[in-house]
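Take the sequence shown: its position 63, counted from the start at 1, is 65 in the numbering used here, and no numbers get skipped. The beta carbon of each residue, even a glycine, is placed where N, CA and C say it ideally should be.
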Amino acid sequence: FNMVRLVFDKLMKGGIPTKGEFKNLENVFGWDMAEAIKRHGSLEKAWKVFLDVTGMPKALKATADLSYTLRQVIFAGAGEPKTWGKAFGTQVKAFARQPWYDDALKEIRAHPQFNYFHKKGLEFTQVGKAIGKLAQAEEAYPTRLADAIPIMKQSGRAAATISNKMRYDIAYKYWEMFGDLYPESSPYWDGLIKILNASTGRGVVPRSLVPAFTLLNRVLFSPRFALTPFQMIYYPLKEIKNPLVRRFAMR
3 FNMVRLVFDK
13 LMKGGIPTKG
23 EFKNLENVFG
33 WDMAEAIKRH
43 GSLEKAWKVF
53 LDVTGMPKAL
63 KATADLSYTL
73 RQVIFAGAGE
83 PKTWGKAFGT
93 QVKAFARQPW
103 YDDALKEIRA
113 HPQFNYFHKK
123 GLEFTQVGKA
133 IGKLAQAEEA
143 YPTRLADAIP
153 IMKQSGRAAA
163 TISNKMRYDI
173 AYKYWEMFGD
183 LYPESSPYWD
193 GLIKILNAST
203 GRGVVPRSLV
213 PAFTLLNRVL
223 FSPRFALTPF
233 QMIYYPLKEI
243 KNPLVRRFAM
253 R
């Protein structure tokens, strides 16, 4: 297993596995997969194709499912019911029509503080062909091929809409309330970003482990989401002196 993991790490970094490492891939995944990677002009692209294909079964299971409202974003929604209700309405519209989805994401990006929060680590997920790195995909729809399947595309749009709306609408609300008191340099925003990610189904993991969780997501159902109940206890305690986290946790 460790040898295969090392090969995956090399592929994800654009490296070229040795003959022995290709043999390990063949032993685990079969000759066809190993040969497909060898023949591909870009190993990094071949790895992306592999992840897209292996993510399809999971996306199919989540198709026509709007349960994000009562599952992934339940913690954030319980504390911000008005924001939750508005985001749910937008989610339903995004499921129905692509322009509603596009407009919802454009509105999030248009806010003056979007770049600040995004660069600080507030998750911004996408679905289908718009996905850059699969680590940015919604866990329930971990494939760029979702656009090709009816209903799956709509379901992915709905999931990304409500999770992004909840994270960023709450972040913008807190900025409007406390931006003058706590400037961008304040460490309090880092704590708020972590709990906002956790409360919307994006369990916080070290950056070095993100590729591993991306791969693990093909085997387990939403491993980052599985972390959130524990992190919703951990972060309020860890950040007990952080007024932003304390306010969010008390609501």
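Short check: CB of residue i to CB of residue j, under 8 angstroms?
i    : j    : result
S188 : F77  : no
K155 : G181 : no
Y237 : I197 : yes
S165 : Y103 : no
T230 : T163 : no
Q100 : G203 : no
N219 : P213 : no
Tell me whether residue i sits in a helix, a strand or coil according to DSSP, three-state version.
i    : result
A162 : helix
K243 : coil
H113 : coil
Y237 : helix
T202 : coil
S188 : coil
V75  : coil
R99  : coil
S224 : coil
R209 : helix
R253 : coil
I172 : helix
D182 : coil
I151 : coil
Q93  : helix
E82  : coil
T230 : helix
F119 : helix
Pick out whichever of the options has its Cα sitting closest to the Cα of residue i.
i    : options                   : result
I195 : Q156, W177 and L124       : L124
K84  : Q128, F116, I172 and K240 : I172
N244 : P208, V206 and G193       : G193
A228 : V207, L239 and K240       : V207
S157 : L222, F97 and L72         : F97
K167 : G87, K25, F215 and A142   : G87
Who does residue i pair with in a DSSP beta bridge?
i    : result
V139 : First, the amino acid is wrong: residue 139 is Ala here, not Val. DSSP lists Q128 as partners of A139.
Between residue i and residue j, how many whole angstroms is the CB-CB distance? I'm expecting something under 8 angstroms.
i    : j    : result
E82  : R253 : 7 angstroms
Y184 : Q115 : Incorrect: roughly 13 angstroms between the Cβ atoms, too far for contact.
T127 : A139 : 6 angstroms
Consider the Cβ of residue i: report whether some Cβ of chain C lies at a distance smaller than 8 angstroms.
i    : result
L229 : Among the chains of the structure shown, chain C does not appear; only one protein chain is present.
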